[in-house]
Ligand code: NAD
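Residue numbers (the numbering used here): 77 to 519.
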């Protein structure tokens, strides 16, 4: 099949590379000329495990191409995927500017039947808006061309995106059209062999499914963080509690890790957008609003712990920070807890020496050169001359630590662990004060 994908970010690139890999002819288009030039030189602008090899192989096979040429892009694919960003607007709603711009482009250049596939995460009712924009463009051109718009939300996780795309639990498609159903079956056929993962439903249900999924996952995180904060005050250990509840199959172990709050490009904006939608339809979503409030509070926990450790005196301190990305195996720092911490530390007059296996370039891009930020080249370099260590991201490389050596390196014996990576006894045995999430009197 010939497939066009608008947007060559995390979702567009993974979708494009994976669909090319199963034999489709894919053309990826982006308005960022620099990004497309780099992709055409074989450089992959984001870090995602396995993506570089997949793009290289499929480019070499001639099944995957990149362009900025919208006219060529609209002419190319029967399926026109929209995978552009939908950031939060000022009021928390999803900003549909890029999605509707793509719709306008398609309407302006299409010359035959097209299926427009909304893969971006968009509020309920967006498919109708896309439809109206395309119809208006066609009207302006005095053309009556048939087209369909369907919703196909994406559930991949950064860091495991290729695996998720290829072996995800479901492929949701919102449409009422038999023609679309048949084209989407053909598109996803290679991923649909061991059981039927395609779930056809109404367009509005598909759109809401994506928000419901992310809101549910964010709820689990805020829930366990709430219980962790209680555990801290009640002298209980949240890690014991987590095991205690996770063993119940109705609850399960997934997504109940306490930590320093969720970040990333999806949960924060999608939770906000759902709350905004709820408000808009006259049903303020109490739970969703609480999930967001709990998360905002959780992101300030690490800074509070440092304040406690240093009796509020952080001016002139140097803090080693392990982990900048919002989670392991990505370089994405959008809404990362590390950012809330760094910004609070700078505000308090402290310096940060940070190490992340993949996100240093992104951090440089976000914050530029500044005197109070050093980006270390390797993990233990970040510790040199530091007063305390804080862990923000649970990269595998941070899990094994020689606590005696750590104690000897740090100027003050303070470890703040936003991911509960270590047995408290081991850290404390080395003479370090260990501040973790919800670990009661072990702290
Ligand atoms: P991204 O910011 O990484 O990439 C978006 C790309 O779209 C950028 O390269 C941008 O230049 C391009 N773009 C903007 N306007 C364009 C236009 N008019 N024509 C062509 N390209 C254009 O975003 P992302 O993380 O890939 O997310 C895309 C969508 O997928 C969002 O709605 C997001 O919520 C959703 N989503 C993301 C993830 C994830 O883990 N990142 C997972 C599931 C769903």
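Here a beta-carbon is modelled for each residue, glycine too, at the ideal position from N, C-alpha and C.
8 Å Cβ cutoff met for residue i and residue j
{"i": "residue 87", "j": "residue 232", "result": "yes"}
{"i": "residue 468", "j": "residue 502", "result": "no"}
{"i": "residue 346", "j": "residue 287", "result": "yes"}
{"i": "residue 156", "j": "residue 131", "result": "no"}
{"i": "residue 339", "j": "residue 412", "result": "yes"}
{"i": "residue 143", "j": "residue 109", "result": "no"}
{"i": "residue 140", "j": "residue 93", "result": "yes"}
{"i": "residue 497", "j": "residue 470", "result": "yes"}
{"i": "residue 304", "j": "residue 513", "result": "yes"}
{"i": "residue 550", "j": "residue 298", "result": "An answer regarding residue 550 cannot be provided, because it is not within the stretch 77 to 519 covered by the chain."}
{"i": "residue 282", "j": "residue 227", "result": "yes"}
{"i": "residue 162", "j": "residue 197", "result": "yes"}
Backbone CA spacing between residue i and residue j [nearest angstrom]
{"i": "residue 519", "j": "residue 500", "result": "Annotation note: pLDDT 43 at residue 519 (below 50); position unreliable, coordinate value reported separately. Rounded to the nearest angstrom, the two C-alpha atoms are 7 Å apart."}
{"i": "residue 401", "j": "residue 417", "result": "12 Å"}
{"i": "residue 368", "j": "residue 362", "result": "10 Å"}
{"i": "residue 373", "j": "residue 126", "result": "35 Å"}
{"i": "residue 480", "j": "residue 506", "result": "5 Å"}
{"i": "residue 272", "j": "residue 224", "result": "23 Å"}
{"i": "residue 81", "j": "residue 276", "result": "21 Å"}
{"i": "residue 284", "j": "residue 199", "result": "7 Å"}
{"i": "residue 201", "j": "residue 353", "result": "11 Å"}
{"i": "residue 510", "j": "residue 474", "result": "15 Å"}
{"i": "residue 384", "j": "residue 404", "result": "27 Å"}
{"i": "residue 336", "j": "residue 314", "result": "14 Å"}
{"i": "residue 419", "j": "residue 463", "result": "18 Å"}
{"i": "residue 254", "j": "residue 179", "result": "22 Å"}
{"i": "residue 107", "j": "residue 83", "result": "8 Å"}
{"i": "residue 247", "j": "residue 290", "result": "15 Å"}
{"i": "residue 378", "j": "residue 423", "result": "14 Å"}
{"i": "residue 465", "j": "residue 387", "result": "16 Å"}
{"i": "residue 407", "j": "residue 204", "result": "34 Å"}
{"i": "residue 249", "j": "residue 229", "result": "7 Å"}
{"i": "residue 343", "j": "residue 504", "result": "34 Å"}
{"i": "residue 89", "j": "residue 508", "result": "44 Å"}
{"i": "residue 160", "j": "residue 175", "result": "6 Å"}
{"i": "residue 217", "j": "residue 210", "result": "11 Å"}
{"i": "residue 138", "j": "residue 357", "result": "47 Å"}
{"i": "residue 242", "j": "residue 330", "result": "20 Å"}
{"i": "residue 436", "j": "residue 258", "result": "44 Å"}
{"i": "residue 307", "j": "residue 170", "result": "35 Å"}
{"i": "residue 118", "j": "residue 105", "result": "15 Å"}
{"i": "residue 487", "j": "residue 431", "result": "18 Å"}
{"i": "residue 409", "j": "residue 221", "result": "42 Å"}
{"i": "residue 173", "j": "residue 482", "result": "49 Å"}
Run of the alpha helix (DSSP H) containing residue i, from where it starts to where it stops
{"i": "residue 383", "result": "377-385"}
{"i": "residue 483", "result": "479-485"}
{"i": "residue 110", "result": "109-116"}
{"i": "residue 103", "result": "Run containing residue 103: none in the alpha helix (DSSP H); it sits in the beta strand (DSSP E), 101-105."}
{"i": "residue 98", "result": "Careful: residue 98 lies outside any alpha helix (DSSP H) and carries neither H nor E."}
{"i": "residue 443", "result": "436-443"}
{"i": "residue 540", "result": "Outside the shown range of the chain (77 to 519) lies residue 540, about which nothing can therefore be said."}
{"i": "residue 216", "result": "202-216"}
{"i": "residue 182", "result": "173-185"}
Cβ shell of residue i (< 6 Å), same chain only, five flanking positions each side left out
{"i": "residue 150", "result": "182, 185, 186"}
{"i": "residue 351", "result": "361, 364, 365"}
{"i": "residue 147", "result": "185"}
{"i": "residue 300", "result": "332, 334"}
{"i": "residue 391", "result": "425"}
{"i": "residue 124", "result": "237"}
{"i": "residue 450", "result": "429"}
Start-to-end residues for the beta strand (DSSP E) that takes in residue i
{"i": "residue 127", "result": "Not the beta strand (DSSP E): residue 127 falls in the alpha helix (DSSP H), residues 127-136."}
{"i": "residue 299", "result": "Taken as a continuous stretch (DSSP letters only), residue 299 belongs to no beta strand (DSSP E), being part of the alpha helix (DSSP H) at 279-310."}
{"i": "residue 398", "result": "394-398"}
{"i": "residue 449", "result": "449-451"}
{"i": "residue 263", "result": "No beta strand (DSSP E) contains residue 263, which is instead part of the alpha helix (DSSP H) from 254-264."}
{"i": "residue 51", "result": "The requested residue 51 does not occur in the structure, where the chain is confined to residues 77 to 519."}
{"i": "residue 226", "result": "223-227"}
{"i": "residue 241", "result": "Careful: residue 241 lies outside any beta strand (DSSP E), inside the alpha helix (DSSP H) at 237-243."}
{"i": "residue 415", "result": "Note, residue 415: premise wrong, no beta strand (DSSP E); alpha helix (DSSP H) at 413-423."}
Neighbourhood of residue i by C-beta distance below 7 Å, restricted to the same chain and skipping five residues each side
{"i": "residue 120", "result": "127, 128, 131"}
Same chain, Cβ closer than 8 Å to residue i, neighbours up to 5 away in sequence not counted
{"i": "residue 490", "result": "382, 385, 386, 463, 464, 465, 508, 509, 511"}
> Per the contact definition of three or more C-beta pairs closer than 8 Å, is the segment 256-273 in contact with the segment 95-112?
Replying inline: The segment 95-112 makes contact with the segment 256-273, as at least three CB pairs between them are under 8 Å.
> Touching or not, the segment 394-408 and the segment 308-323, by the rule of three or more beta carbon pairs under 8 Å?
Replying inline: No: fewer than three Cβ pairs fall under 8 Å.
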